[in-house]
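Chains as they are written, first to last, in the numbering used here: chain S, 1 to 290; chain E, 1001 to 1283; chain Z, 2001 to 2266. Report on the structure given below.
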Amino acid sequence: MSFLTLEGLSARLKGTDHRLLRKVSLSVAAGEVRGLVGESGAGKSMIGKAILGILPRSVEIVAGSIVLDGVDLQSLSPRERRRKIGASCALIPQDPLTALNPSRRIAPQITDRLVDILGWERKRAEDRALELLGEVHIAEPERVLRSYPHELSGGMRQRILIASAFAAEPKLIVADEPTTALDVTVQKQILKLIGEMQRRHGTALLFVTHDLGVVSKVCQTLSVLYGGMVVEDSDVRSFFAAPGHAYSRALLAASPKYTDPDGSLTPVPDAVIEAVRQEVAAADRTWSHG
Amino acid sequence: MLDGRSLIKRRAGARLWLAGLWLGGLFAAALAAPLIAPQDPLAQDLFLGRMPPFWMAGAEPGYYLGTDSLGRDVLSRILYGARIAFLVAIVAGSLTCLIGAGLGLAAGFLRGWVDLAVSRLIDIWMAFPPVLFAILLIAVMGPGLFSIILAIVVIDWTRFARVVRAEAMAQGAMDYVASAEVAGRSRLSTMIVEILPNVLPTIVVLLTLEMGIAVIVEAILSFVNLSVSTDDPTWGGMIAEGRTSIHQAWWVIVFPLITLFLTVLSFSQLGEGLKDRFDPVLR
Amino acid sequence: MADLYELTDVRLALPDMTRKPFLGAAPRTEILKGLSFSIGRGEILGIVGGSGSGKSTLGRCLVRLLEPTGGQIRFDGVDITHLDASQLRPLRRRFQMIFQDPMSSLNPRHKVGQLISAPLRLHGAHQPDREAVLALEQVGLPRSFADRYPHELSGGQRQRVGIARAIALKPEFILADEIVSGLDVSSQAQVLNLLAELVRDLGLTLAFISHDLSVIRRLCSRVLVLYKGEIVENAATADVFAAPKADYTRALLDAIPLPDPDQVWA
């Protein structure tokens, strides 16, 4: 039984014909790590935002359903929806520099959510924060909890955001390009940490990224997106052995791979782009005015 | 794009249009005042004192918005008052803008000793209470149009300088400035060719805002009798006179007030609308 | 023939405002700690390192956007270390730069045509507009793009405009600072191919700054690895990948996630 199921999710720019998501269907089982891969504008972040109910006001969902833990989110009132999402989901954001409030210490930024939304006692929340910082391998957690964000490195801040995401034992975490802003050596540590935390807590993870290398390291399944449409849905092992869709194949060939300088970084052929565009347009025609 | 820019644009369009219509119409009427004003704005006729506007009983034909206690035509005085209002708005606004924005741009982009000098000057300037400063200035110079314009420029240039300096500093950190340097452009030329166009929308907003402020300041100074001679029709002077007879003849104060309000509002809306027009990213 | 660039013990220290005491001057932090290397004519040198390694600072010293506080930079035999703006101006045409973020490096209020022709005009080109169009075509963009604003282009197209602007002046040297890091993989590959082609056809010397060793391997003949303001490795690309000498280089290589689930990623 999947913890999260998207069924035919379509979204557009409010009041226009500009489609952002096109009948997106995917599922994430409890404890599964699914990669959402695509180039900029493919709609991968949009899906994460739709699930967490944080779409920009200019975007509206026009069709389809988001079923979280057996509950159709669209059928809930906004208030109930927020409560449902808040109790079972969390986000690891992209930019550790802006995701923490620069004028507050670390401790309340982790514990506020536990106290205000889940009704924990302050003391219990603080103990939990201390425990979590240990889990994400931060030395001197007491000192870090008293620090301000600017006193910590980018990698350290991302560890804190990871700790904070796992704090309330969510069933699903959306990680939106969590390592894009980091150095590759730090990225490796952070990816390993996310994997470790995910396994320990048995959390389902939706991992948004543009980097197929990262997908191959942390995900079990993946959905490849183009123009807001899922063009391929596969498990990681068979995907990297032989991608099913021509666009995925081209994307893989375009990805950098230093061990194979001649066989990587191959530009995506125009014909492939043209073909996948046609596919999107054809799909639009069959669903037109839907 | 994802943020509904077209919607913003449509709203800005209507605003710009309405503001432009009001200001354009009033400006044309001010220019043509000698031709279109129904009466001589200075002509007094005590028999025609406090005549109501045309739709009320007892109105006098030819005096559309009524007359004041001395029998002068309110409409004609508003039209002639607009001449002074626009003169002050345009001259004081442009001078303030030129001086303030120029200093701000140079300080923000060139940095170094220029910035140090301008910033200290701004700090010192802002420590003076502006109203006292204006009254003092006019007391020394004597009342009159020139004093009003000078007072506005002297007080308000810091408004431009501060905002434009901050904006120029932000733009100066962009790579297109480094890119101009790599291309061999001089600092001064970079400031004019690269930075100025990016700061211009901010300057336009400030300029129109300043024009509105100039109109208000002129009205206030006329209200306290520090502007042009009391005989010349100004909106502030009319409001001051109308205040005394507000119970007997509300129209004497209400019409100049409405004109003043709409004019100042239009200036600020014009700025907001023009800013969006100026922005190639929004356009 | 002598090398195009010769650097000897180049140092750069900047005041560290975060550690500035309430009164008095801020302490200086050394960002470049004595770098010595040379760039041969026609060479493609990769400069790699993490954030804080000083790679971008070094790049900006090469094109003299920054003035080193110590050591010497010689360009084609001329000491450019401390030349002032007016002395640099005649040399500027000969070393150009392509920036990381074309959104920031292309003035949003200028059209593409102006962006490319303005440097040509500054250096007294006879037909700047014609040459700008030629440069556009060289980077594979239609001439109609001259009338567009940068925000109307895609990321890959914008970066091509950045390249066109740099090559339009027919420089001998180009510094490319992380120019593909903001691009999608498909346009990344296209821009890299384009750059490799141009370097070959125009006989350019290129310094290519990147954090991505895969990209460096594809493009560069030699690699300079920087770590905290020092050179930890300076060797032919093939050698660096076959047998990295510095621990940091090895760590950098090991950390790259290859698109391959079988990669051992200890």
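Here a beta-carbon is modelled for each residue, glycine too, at the ideal position from N, C-alpha and C.
Three-state secondary structure (DSSP) at E/V1228? It is coil, neither helix nor strand.
Please state the DSSP three-state secondary structure of E/G1271. In this structure, E/G1271 counts as helix in the three-state DSSP scheme.
Is the beta carbon of E/I1152 less than 8 Å from the beta carbon of E/T1096? Against a cut-off of 8 Å, the Cβ pair of E/T1096 and E/I1152 comes out as a contact.
Compare the Cα-Cα distances from Z/G2182 to each of Z/L2175, Z/K2020, Z/D2212 and report the closest residue. In this structure, Z/D2212 is the residue among Z/L2175, Z/K2020, Z/D2212 with its C-alpha nearest to the C-alpha of Z/G2182.
Straight-line gap, Z/N2234 to S/V230 (C-alpha atoms, nearest Å): So the alpha carbons of these two residues sit roughly 44 Å apart.
The segment 2085-2113 of chain Z: positions lying closer than 9 Å to chain S by Cβ: Within the segment 2085-2113 of chain Z, no residue has a Cβ lying closer than 9 Å to any Cβ of chain S.
Does S/D211 have its Cβ less than 8 Å from a Cβ in chain Z? Yes, S/D211 lies at the interface with chain Z (some Cβ there is under 8 Å from its Cβ).
Taking the Cβ atom as the reference point for each residue, do S/Y226 and S/Y247 lie within a distance shorter than 8 Å? For S/Y226 and S/Y247, yes; Cβs fall inside 8 Å.
Close Cβ partners of S/A165 (< 6 Å) along its chain, the five nearest in sequence each way excluded: So the qualifying residues of the chain are A90, I92, I173.
I'd like to know if the segment 1019-1032 of chain E and the segment 1216-1227 of chain E are in contact, where contact means that at least 3 CB-CB pairs between them fall below 8 Å. Taking 8 Å as the limit for Cβ pairs, the verdict is that the segment 1216-1227 of chain E does not touch the segment 1019-1032 of chain E.
Cross-chain neighbours of Z/A2146 in chain E, by beta carbon under 7 Å: The premise fails here: Z/A2146 is roughly 15 Å from chain E at the closest Cβ pair, so nothing lies under 7 Å.
Relative to the C-alpha of S/L6, which candidate in S/M46, S/A281, S/F239 has its C-alpha closest? Residue nearest to S/L6 within the set S/M46, S/A281, S/F239 is S/M46 (criterion: CA-CA distance).
List the endpoints of the continuous beta strand (DSSP E) containing S/C219. Unbroken run through S/C219: none, as it is neither H nor E.
List the residues of chain Z whose Cβ lies closer than 8 Å to the Cβ of S/T185, in chain order. Taking the beta carbon of S/T185 as reference, the chain Z residues within 8 Å of it are G2050, A2251, L2252, A2255, listed in sequence order.
Anything in chain Z within Cβ reach of E/N1198, meaning under 8 Å, just list it in chain order. Within chain Z, the residues near E/N1198 are N2107, P2108, R2109.
Can you find a CB in chain S that lies within less than 8 Å of the CB of Z/F2208? Not a single CB atom of chain S sits nearer than 8 Å to the CB of Z/F2208.
Residues that Z/Q2190 contacts on chain S, provided the C-beta gap is smaller than 7 Å: Correct list: P267.
Please give the ranges of any beta strand (DSSP E) in the segment 2020-2068 of chain Z, keeping only runs that are unbroken, at least 3 residues long and fully inside the region. As far as the segment 2020-2068 of chain Z is concerned, its whole beta strand (DSSP E) runs of at least 3 residues are 2028-2039, 2044-2048.
Per DSSP, what are the beta-bridge partners of S/M229 in this structure? DSSP, once it has assigned bridges, lists S/Y226 as partnering S/M229.
Within 8 Å of any Cβ in chain S, is that where the Cβ of Z/V2215 sits? By this cut-off, Z/V2215 is an interface position.
Going straight from the alpha carbon of S/S27 to that of S/F3, what length do you get? Answer to the nearest angstrom: the Cα atoms are 8 Å apart.
Interface residues of chain E facing Z/D2063 [CB-CB closer than 7 Å]: First, the amino acid is wrong: residue 2063 of chain Z is Val here, not Asp. Simply V1182.
Can you tell me where the alpha helix (DSSP H) holding S/E135 begins and where it ends? Run containing S/E135: 122-135, per the alpha helix (DSSP H) assignment.
Length at least 3, wholly inside the segment 2185-2215 of chain Z: the beta strand (DSSP E) runs in chain order: Within the segment 2185-2215 of chain Z, the runs of beta strand (DSSP E) that reach at least 3 residues and sit entirely inside it are, in chain order, 2205-2210.
For Z/A2266, does the three-state DSSP call read helix, strand or coil? Coil, per DSSP.
Is there a Cβ of chain S sitting closer than 8 Å to that of Z/R2218, yes or no? Taking Cβ atoms only, chain S reaches closer than 8 Å to Z/R2218, which makes this a yes.
Distance between beta carbons of E/I1099 and E/W1157, contact taken as under 8 Å: At roughly 5 Å, the Cβ-Cβ gap stays under 8 Å, so E/W1157 and E/I1099 are in contact.
Within 8 Å of chain E by C-beta, residues of the segment 2116-2131 of chain Z in sequence order: Residues of the segment 2116-2131 of chain Z with a C-beta less than 8 Å from any C-beta of chain E: A2118, P2119, L2122, H2123, listed in chain order.
Please list, in chain order, the chain S residues whose beta carbon lies closer than 8 Å to that of Z/H2211. Taking a Cβ-Cβ threshold of 8 Å, the residues of chain S close to Z/H2211 are D183, V184, in chain order.
Does any residue of chain S have a CB that is nearer than 8 Å to the CB of Z/D2239? Answer no: the Cβ-Cβ gap between Z/D2239 and chain S never drops below 8 Å.
S/R22 beta carbon less than 8 Å from that of S/S10: Yes. Within cutoff.
State the beta-bridge partners of Z/Q2072 as determined by DSSP. Answer is Z/T2008.
Coarse secondary structure for E/Q1039, derived from DSSP in three states: Coil, per DSSP.
Since Z/Y2227 is in the beta strand (DSSP E), which residue starts that stretch and which ends it? Element bounds for Z/Y2227: 2222-2227.
Note down, in chain order, each residue of its chain lying with its Cβ closer than 6 Å to the Cβ of E/R1283, except the 5 sequence neighbours on either side. Legend: pLDDT at E/R1283 = 48, less than 50; position of this residue unreliable, value from coordinates given subsequently. Spatial neighbours of E/R1283 in its own chain (CB-CB distance under 6 Å, excluding positions within 5 residues in sequence) are not present.
Roughly how many angstroms separate the alpha carbons of S/V280 and S/R19, rounded to a whole number? Approximately 11 Å between the Cα atoms of the pair.
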